[in-house]
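*Asks:* Dumping the structure here so I can ask a few things about it.
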Amino acid sequence: ICMQHLATLGYGIGPGGEITTTVPYFAVGVIHLISAAVLGFGGIYHSLLGPDTLEESFPFFGYDWRDKNKMTTILGIHLCLLGVGALLLAAKAMYLGGVYDTWAPGGGDVRYITTPTLNPIVIFGYVFRSPFGGDGWVVAVNSMEDIVGGHIWVGTLCLVGGFWHVFTKPFAWARRAFVWSGEAYLSYSLAAISIMGFTASLYSWYNNTAYPSELYGPTGPEASQSQAFTFLVRDQRLGANISSAQGPTGLGKYLMRSPSGEIIFGGETMRFWDLRAPWVEPLRGPNGLDINKIKYDIQPWQERRAAEYMTHAPLGSLNSV
1 ICMQHLATLG YGIGPGGEIT TTVPYFAVGV IHLISAAVLG FGGIYHSLLG PDTLEESFPF
61 FGYDWRDKNK MTTILGIHLC LLGVGALLLA AKAMYLGGVY DTWAPGGGDV RYITTPTLNP
121 IVIFGYVFRS PFGGDGWVVA VNSMEDIVGG HIWVGTLCLV GGFWHVFTKP FAWARRAFVW
181 SGEAYLSYSL AAISIMGFTA SLYSWYNNTA YPSELYGPTG PEASQSQAFT FLVRDQRLGA
241 NISSAQGPTG LGKYLMRSPS GEIIFGGETM RFWDLRAPWV EPLRGPNGLD INKIKYDIQP
301 WQERRAAEYM THAPLGSLNS V
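So for the sequence shown, UniProt numbering puts the first residue at 1; every next one is plus one.
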């Protein structure tokens with residue numbers, strides 16, 4: 001999955017999600033290979049030749065697990081590094097070549113994010129949304145402006161928190177509340193990593209903005225909707241009246257109404273009626289899918305993308321159990 005992440009950063013990718021060159025991926029691979037060799041050499045050196053303790057020769061790098069002030073200083077340094085990383089992504093998106101935006105007109109393209117969302121009500125509104133139903137918690141983000149703005153907020157908060165932990169000592173209540181031992185720090189770290197892992201898994205499964213479907217494959221609802229769309233296009237070319245045709249249940253075979261009155265794709269995919277995806281949004285109007293657009297404005301790239309997503313649904317292993 002590393003190459004897809006490089007592509008989302010705008011490296012080696014062009015309009016429509018087409019890979020234009022693999023040179024950046026090769027270069028990054030070589031850099032990682034050299035870095036791995038340096039890390040391996042450093043590990044061997046410190047295991048066999050380096051000093052047993054660092055307190056005497058390099059006191060800055062020496063620490064005791066029970067030294068509460070040193071532990072919070074290390075925490076602060078790590079927060080600062082995370083903050084710098086988040087701001088680097090924002091800088092890449094805004095000034096250093098841009099990032100890939102799957103919502104760009106024509107099926108996605110690399111573009112600069114010139115006006116990131118900095119409104120705290122919008123950014124933190126994602127955090128306080130319900131994780132259930134259509135609200136979708138932070139996974140519901142569907143614009144690169146919000147993603148980049150969120151990274152600016154996260155980077156700033158990480159830097160502020162990092163400096164706070166570096167230049168202050170833990171309060172009395174914090175000294176009493178936490179267990180100050182190596183095993184406890186390991187457990188805290190594993191808990192934090194598990195939260196991040198679960199969040200990332202939700203993003204990769206449901207979100208098609210941070211994880212563009214051109215690179216990671218479609219979401220489950222997206223694959224279902226693309227199947228309905230593909231057969232609608234086929235049957236419309238064969239002469240079917242897609243606006244009035246009925247299925248075996250008496251509901252619309254190709255199009256029907258959602259619970260809120262919007263025009264949606266009919267059939268089994270009706271349960272995914274609130275899907276938002278770059279290939280289908282141009283066909284919507286103020287009342288859902290626009291019948292005139294579906295009859296006269298479907299573009300070849302939309303047909304190709306829907307056909308690809310229909311045949312690459314992420315549900316095969318689940319359905320065959």
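By construction, the Cβ of each residue, glycine as well, lies at the ideal position given by its N, Cα and C atoms. Model, not experiment: these values are computed from the prediction.
(1) When the Cα atoms are used, what is the spatial distance from Thr102 to Ile113?
(2) Can you list, in chain order, the residues of its chain with a C-beta nearer than 6 Å to that of Arg111? Leave out the 5 residues immediately preceding and following it.
(3) Is the Cβ-Cβ distance between Asn207 and Val139 less than 8 Å?
(4) Could you check which residue in Phe229, Gly266 and Gln225 has the C-alpha nearest to that of Ala245?
(5) Starting from Leu87, follow the alpha helix (DSSP H) in both directions and report where the run begins and ends.
(6) Distance check for Ala192 and Pro59, CA to CA, integer angstroms please.
(7) Is the CB-CB distance between Ala307 and Thr230 below 8 Å?
(8) Do you know whose CA, among Gly217, Lys293 and Glu262, lies nearest Pro314's CA?
(9) Please confirm whether Thr209 and Val141 have their CB atoms less than 8 Å apart.
(10) For the alpha helix (DSSP H) containing Met144, list its first residue and its last residue.
(11) Compute the minimum distance between the beta carbon of Thr8 and the heavy atoms of the ligand MN, and state whether it is under 7 Å.
(12) Which class does Gln246 belong to by DSSP, given the choice of helix, strand or coil?
(13) Tell me the DSSP secondary structure of Ile291 in three-state form.
(14) Which residue or residues does DSSP assign as beta-bridge partners of Asp101?
(15) Using the Cα positions of Thr156 and Leu87, report the straight-line distance between them to the nearest angstrom.
(16) Exposed or buried, what is Thr73 when buried is set at 16 or more other beta-carbons lying within 10 Å of its beta-carbon?
(17) Using CA atoms only, rank isn't needed, just tell me which of Leu82, Tyr254, Gln227 and Tyr126 is closest to Gln236.
(18) Taking the alpha-carbon positions, what's the Ile77 to Leu186 distance?
(19) When DSSP labels each residue in this structure, what does Gly1 get in the three-state scheme?
(20) Is the beta carbon of Pro213 less than 8 Å from the beta carbon of Tyr309?
(21) Taking the beta carbon of Val280 as the centre, do at least 16 other beta carbons fall within 10 Å, making it buried, or is it exposed?
(22) Taking all protein chains shown into account, do 16 or more other C-beta atoms lie within 10 angstroms of the C-beta of Cys2, making it buried, or fewer, making it exposed?
(23) Could you tell me if Thr107 is buried or exposed, where buried requires 16 or more neighbouring beta carbons within 10 angstroms of its beta carbon?
(24) Can you tell me whether Val321 is buried or exposed? The criterion is at least 16 other CB atoms within 10 Å of its CB, across all chains shown.
(25) Considering only the alpha carbon of each residue, which of Leu33, Thr115 and Ser47 lies closest to Tyr95?
(26) So, at 7 Å on beta carbons, what are the nonlocal neighbours of Met256 in its own chain, with the 5 sequence-adjacent residues on each side left out?
(27) Name the one or two DSSP bridge partners that Phe265 has.
(28) Please confirm whether Leu232 and Ile242 have their CB atoms less than 8 Å apart.
*Replies:* In short:
(1) By one-based count along the sequence shown, residue 102 stands at place 102. By one-based count along the sequence shown, residue 113 stands at place 113. Rounded to the nearest angstrom, the two C-alpha atoms are 13 Å apart.
(2) Position 111 of the sequence shown, counted from the start, is the residue given in the question as residue 111. Contacts found: Gly98, Asp101 and Ala104.
(3) Locating residue 207 in the sequence shown gives position 207, counting from the first residue. Locating residue 139 in the sequence shown gives position 139, counting from the first residue. Yes, Cβ-Cβ distance for Asn207 and Val139 is below 8 Å.
(4) What you label residue 245 is simply residue 245 of the sequence shown in a count that begins at 1. The candidate whose alpha carbon is nearest that of Ala245 is Gly266.
(5) Reading the sequence shown from its first residue, position 87 is the one you call residue 87. It spans Lys68 to Met94 - the alpha helix (DSSP H) in which Leu87 sits, taken as one unbroken run.
(6) For the purposes of this step, residue 59 is taken as residue 59 along the sequence shown, with counting starting at 1. For the purposes of this step, residue 192 is taken as residue 192 along the sequence shown, with counting starting at 1. Near 28 Å, if we compare the C-alpha coordinates of Ala192 and Pro59.
(7) For the purposes of this step, residue 307 is identified with residue 307 of the sequence shown, where counting begins at 1. For the purposes of this step, residue 230 is identified with residue 230 of the sequence shown, where counting begins at 1. Against a cut-off of 8 Å, the Cβ pair of Thr230 and Ala307 comes out as a contact.
(8) Start at 1 with the first residue of the sequence shown, and residue 314 comes out as number 314. It is Gly217.
(9) Start at 1 with the first residue of the sequence shown, and residue 209 comes out as number 209. Start at 1 with the first residue of the sequence shown, and residue 141 comes out as number 141. Yes, they are a contact pair.
(10) Position 144 of the sequence shown, counting from 1, holds the residue named residue 144. Here the alpha helix (DSSP H) through Met144 covers Met144 to Phe167.
(11) Of ligands this structure carries none, so the ligand MN is not represented either.
(12) The residue you call residue 246 lines up with position 246 of the sequence shown. Here Gln246 sits in strand by DSSP.
(13) Here residue 291 is taken as the residue at index 291 of the sequence shown, counted from 1. In the structure shown, Ile291 sits in a helix (DSSP, three-state: H, G or I).
(14) Your numbering for residue 101 matches position 101 in the sequence shown. Answer by DSSP bridge pairing, in chain order: Asp109.
(15) The residue labelled residue 156 in the question sits at position 156 within the sequence shown. The residue labelled residue 87 in the question sits at position 87 within the sequence shown. Rounded to whole angstroms, Thr156 to Leu87 spans 8 Å at the Cα level.
(16) Position 73 of the sequence shown, counted from the start, is the residue given in the question as residue 73. So Thr73 counts as buried.
(17) As a position in the sequence shown, residue 236 is number 236, starting the count at 1. Comparing Cα-Cα distances from Gln236 to each of Leu82, Tyr254, Gln227 and Tyr126, the minimum goes to Tyr254.
(18) Position 77 of the sequence shown holds residue 77. Position 186 of the sequence shown holds residue 186. So the alpha carbons of these two residues sit roughly 17 Å apart.
(19) In the sequence shown, counting from the first residue as 1, residue 1 sits at position 1. Reading off the sequence shown, one finds Ile at residue 1, where the question assumed Gly. Three-state DSSP puts Ile1 in coil, outside helix and strand.
(20) As a first step, residue 213 is located in the sequence shown; it is residue number 213 there, counting from the start. As a first step, residue 309 is located in the sequence shown; it is residue number 309 there, counting from the start. Residue 213 is actually Ser in this sequence, not Pro. For Ser213 and Tyr309, yes; Cβs fall inside 8 Å.
(21) Along the sequence shown, one-based indexing puts residue 280 at 280. Counting Cβ neighbours within 10 Å, Val280 comes out buried, since at least 16 surround it.
(22) Here residue 2 refers to the residue found at position 2 when the sequence shown is read from its first residue. That one is exposed.
(23) Reading the sequence shown from its first residue, position 107 is the one you call residue 107. Correcting the residue identity first, residue 107 is Gly in this sequence and not Thr. Flag for Gly107 reads buried.
(24) Locating residue 321 in the sequence shown gives position 321, counting from the first residue. For Val321, the predicted model reports a pLDDT of 48, less than 50, meaning its position is unreliable and no value from the coordinates is stated.
(25) As a first step, residue 95 is located in the sequence shown; it is residue number 95 there, counting from the start. Taking only the C-alpha atoms, the option nearest Tyr95 is Thr115.
(26) Residue mapping note: residue 256 aligns to position 256 of the sequence shown, counting from 1. So the qualifying residues of the chain are Ile264, Gly266 and Met270.
(27) Here residue 265 is taken as the residue at index 265 of the sequence shown, counted from 1. Phe265 is bridged to Leu255.
(28) If you number the sequence shown from 1, residue 232 lands on position 232. If you number the sequence shown from 1, residue 242 lands on position 242. In this structure, Ile242 lies closer than 8 Å to Leu232 by Cβ.
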